[in-house]
Amino acid sequence: MQNVEFKAELRDFEVARSQCRALGAHFVRELDQKDTYFKLPDGRLKRREVPGEPIEWIFYHRSDRPTPKMSHFMLYSDEQAKTRWGVLPLREWMVVNKTRELWLVSNVRIHLDRVEELGDFIEFEAQVSRKNHVKACHEQIAALREAFAPILGEAIAAGYVNLLDQLKHEPADESERS
3 MQNVEFKAEL RDFEVARSQC RALGAHFVRE LDQKDTYFKL PDGRLKRREV PGEPIEWIFY
63 HRSDRPTPKM SHFMLYSDEQ AKTRWGVLPL REWMVVNKTR ELWLVSNVRI HLDRVEELGD
123 FIEFEAQVSR KNHVKACHEQ IAALREAFAP ILGEAIAAGY VNLLDQLKHE PADESERS
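Here you go:
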């Protein structure tokens, strides 16, 4: 499966909700997600846990750049993941906890995320399909970026796990950097 993704800091959560409604986006639900990341030699792997839902594993390839980018991914159930990566536990890299509001407009998922230790973010994911080819997905993302422009902060090149990893490894103050 493929999608086109864009992620940015979010300056105003409430205004983002209002903008979703103004665009005719449908509020799906709020999710408390715990994503556990594992380092692999090729690709990225995370185990997603949501209370009351089956565990989901997401294996994906995506470039790290702040502009909209293609993501190639596969979803696995817990049992499928054990078959694919073995029954022995994988070495955990990091855990990211977030609360996500999921909104839908056309074939685009809008995520309003509150990420522990990092802050608020917005993410657009346009699912590529026969009906919604890559160019159309890029156009949809561009339109959403324009509609949300006043409340978008800095575009994010990498995933939350990378930001959290960087935060945990930064020196606490200037005196430690020397």
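First residue of the sequence shown? That's 3 in our numbering, and the numbers climb one at a time after it.
Note that beta-carbon positions come from the ideal geometry of N, C-alpha and C, so glycine has one too.
Taking residue i as part of the alpha helix (DSSP H), name the residues at either end of that continuous run.
i: L169; result: 162 to 171
i: E81; result: 80 to 87
i: H140; result: 136 to 150
According to DSSP, residue i sits in a beta bridge with which residue or residues?
i: D37; result: R50, V98
i: Q4; result: H74
i: L106; result: H28, R111
i: E127; result: E7, R111
i: I60; result: K48, L77
i: D122; result: R116
i: L12; result: L154
Could you tell me how far apart the beta carbons of residue i and residue j are, in whole angstroms, since I believe they sit closer than 8 angstroms?
i: Y39; j: V163; result: 5 angstroms
i: Q142; j: V110; result: 5 angstroms
i: V17; j: I112; result: The Cβ separation is near 13 angstroms, so there is no contact.
In chain order, what residues of the same chain lie with their CB nearer than 6 angstroms to the CB of residue i, ignoring the 5 residues before and after it?
i: M3; result: F75
List the endpoints of the continuous beta strand (DSSP E) containing residue i.
i: E156; result: 154 to 157
CB-CB under 8 angstroms to residue i, same chain, minus the five flanking residues each way: which ones, in chain order?
i: P56; result: S79, D80
What does a CB cutoff of less than 7 angstroms around residue i pick up in its chain, not counting 5 residues either side in sequence?
i: G155; result: A10, E11, L12, R13
Kindly indicate if chain D contains any beta-carbon less than 8 angstroms away from that of residue i.
i: F15; result: Absent from the structure is chain D; it holds one protein chain and no more.
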